[in-house]
Amino acid sequence: MERITFTGAQGHELAARLDRPEGPHLATAIFAHCFSCSKDIAAARRIAQRLATMGVAVLRFDFTGLGHSDGEFENTTFTSNAGDLTAAAAYLADRGMAPGLMIGHSLGGAAVLRAAGALESVRAVVTLGAPFDPGHVTHNFHDALPEIAARGAAEVILGGRPFRIGQDFVEDAIEADLTADIAGLHKALLVMHAPLDDVVSIDNATAIFSAARHPKSFVTLDDADHLLSRARDAEYAAEVIAAWAGRYLDLRPPAPPPGAPEGIIRASEADPAGFLQDINAGPRHYLRADEPKAYGGTDRGMTPYGLLSASLAACSSMTIRMYARRKGWPLEHVSVDISHEKVHAQDSDLTGPNRIDLFHRRIRLDGPLSAEQRARLMEIADRCPVHKTLEAGAEVRTREVVR
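Residues 10 to 412 (our numbering) make up the sequence shown, in order.
Okay, here's the thing in structure tokens:
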């Protein structure tokens, strides 16, 4: 992750983070946060991390006057927010990383709909809980509107924090009409919204979707709250966006580097508060690992030993199928169950002082096989490469990678 600054629409320095892929950089995205939020909200972090594992660099920044960015929030407007997005896109283009995807959360989603149409490099747009009418945001400080109108600005409490809202912001948001922007977007659009969102109602998603032209998609966020504060909701949104964006961005990777034809398996911490890991096998295959809740995890993925057992099960099944296919035997289906336990060497039929991992393998062979064929296939299971590796042991050589 790279910490950067760039100049926003009003000339202020805006604080940003650029989540970069550790492997090939295949595309770039911009994430626009919700009203009065920041670039570091959980949804922004999770989505950026997930896209980075696919080779998509993600720029997330604080709008003028928010978070760590310079400027006064009371002097900003909805139009200046859209301008900050345009400035972010220009900054990326100057670095040779013109954005192909824009993602906006809540009012950030409305700003993305306003800005994206004029950005030639952008091919796909995602909104998360976005309002169709930017003026909708004023309901968050409805009681303060008379004071804002009378004095030109007033302090309001949003999310437990004080903000000064200016009359220019109110008027600009109320006057903004996104109908033409959405109809003339000419980008693929994904609308994501929670039916029970009590901040921005689901009717807004319906209006956005109706105004848009194809290609357009709608995905419900079920019982998620407006901020996607639960990790599982932010993670679900991230996975859907990552899969959907792959249809519109060129995420085909370059050839693997010499000496690594099978690619690299990379595990990256996804939740520093627990043990959840994003695991990538090259640019196309992804899964998660975690620990049970009883061990401090969140149980959102298989355990490391579960993955090891899965490897043995899959390899055994593949090896049996490969042999039966070569022989032309009538094997209709094969399944392999694996369980793992730690045992003392003297309690098992294994030998050697260090053999304390015991895998129980149960194989089911379906089809009109003879007794001799079944016996031979059971023998062949022992020739599975993973089986041989587990029996023979392995050496792990480790070095630190210094950035």
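Virtual Cβ for every residue (Gly too), placed ideally from N, Cα, C.
Just so you know, these numbers come straight off a predicted model, no measurement behind them.
Short Cβ contact (9 Å threshold) for residue i with residue j
| i | j | result |
| --- | --- | --- |
| Leu94 | Ala133 | no |
| Ala243 | Arg29 | no |
| Phe72 | Arg26 | no |
| Ile191 | His202 | no |
| Ala96 | Leu23 | yes |
| Gly144 | Ala189 | no |
| Ser226 | Ala197 | yes |
| Ala158 | Val131 | no |
| Thr37 | Leu110 | yes |
| Asp287 | Gln58 | yes |
| Asn84 | Gly175 | yes |
| Ile329 | Leu386 | yes |
| Ala52 | Phe141 | no |
| Val395 | Ser344 | no |
| Thr86 | Asp181 | yes |
| Ala298 | Ala333 | no |
| Asp79 | Gly138 | no |
| Ala282 | Ile56 | no |
| Ile372 | Ser318 | no |
| Arg160 | Phe82 | no |
| Pro204 | Asp177 | no |
| Gly3 | Gly92 | Given that the chain is displayed from residue 10 to residue 412, the structure contains no residue 3 and the question cannot be resolved. |
Inter-residue spacing [alpha-carbon to alpha-carbon] between residue i and residue j
| i | j | result |
| --- | --- | --- |
| Leu187 | Phe284 | 42 Å |
| Gly64 | Ser47 | 24 Å |
| Ala354 | Ala240 | Unreliable placement is indicated for Ala354, whose pLDDT of 45 sits below 50; no coordinate value is reported for it. |
| Gly337 | Asp366 | 35 Å |
| Gly162 | Ala119 | Gly is not the amino acid found at residue 162; the sequence shown has Ala there. Taking the straight line from one Cα to the other gives about 23 Å. |
| Tyr257 | Leu128 | 15 Å |
| Ala390 | Leu316 | 19 Å |
| Ala99 | Leu296 | 34 Å |
| Thr307 | Ala61 | 22 Å |
| Thr215 | Leu35 | 32 Å |
| Met331 | Pro377 | 17 Å |
| Thr136 | Phe218 | 10 Å |
| Ser379 | Pro33 | 50 Å |
| Asp234 | Val209 | 10 Å |
| Gly268 | Cys393 | With a pLDDT of only 32 at Gly268, under 50, the local geometry of the prediction cannot be trusted, and no value is derived from it. |
| His21 | Phe15 | 8 Å |
| Phe368 | Ile347 | 7 Å |
| Leu68 | Thr88 | 20 Å |
| Asp375 | Met327 | 15 Å |
| Arg309 | Leu154 | 44 Å |
| Ala323 | Asn289 | 18 Å |
| His223 | Ala254 | 15 Å |
| Val405 | Glu300 | 23 Å |
| Ser238 | Ala279 | 15 Å |
| Asp49 | Arg383 | 57 Å |
| Asn213 | Thr147 | 15 Å |
| Leu167 | Ala303 | 36 Å |
| Glu11 | Ala66 | 10 Å |
| His342 | Ile274 | 29 Å |
| Ile13 | His77 | 11 Å |
| Pro265 | His294 | The pLDDT assigned to Pro265 is 44, lower than 50, so where the model puts this residue is not dependable, and the model offers no usable value. |
| Leu199 | Val249 | 10 Å |
| Leu75 | Gly105 | 27 Å |
| Glu381 | Glu388 | 11 Å |
For residue i: DSSP bridge partner residues
| i | result |
| --- | --- |
| Lys351 | Asp366 |
| Arg170 | Leu167 |
| Lys225 | Leu198 |
| Glu31 | Paired residue(s): none; Glu31 is not in a bridge. |
| Asp375 | His342 |
| Glu83 | Paired residue(s): none; Glu83 is not in a bridge. |
| Leu4 | The displayed coordinates of the chain run from 10 to 412. Any statement about residue 4 would go beyond what the structure contains. |
| Glu11 | Leu27 |
| Glu22 | Thr16 |
| Ala162 | Gly175 |
Proximity test, residue i beta-carbon vs the ligand NAD heavy atom, cut-off 8 Å
| i | result |
| --- | --- |
| Arg222 | With respect to small molecules bound, the structure shown includes none, and the ligand NAD cannot be examined in it. |
Min CB distance residue i to chain C below 9 Å
| i | result |
| --- | --- |
| Arg29 | Of the protein chains in this structure there is only one, and it is not chain C. |
- Are at least three pairs of beta-carbons, each pair with one atom in the region 114 to 123 and one in the region 38 to 47, less than 8 Å apart? yes
- Task: Within the region 89 to 141, note down every full beta strand (DSSP E) run reaching 3 residues or more, in order along the chain.
- Result: 110 to 114, 133 to 137
- Message: Runs of 3 residues minimum, wholly inside the region 246 to 321: which ones carry the beta strand (DSSP E) assignment?
- Response: 274 to 278, 286 to 290, 294 to 298
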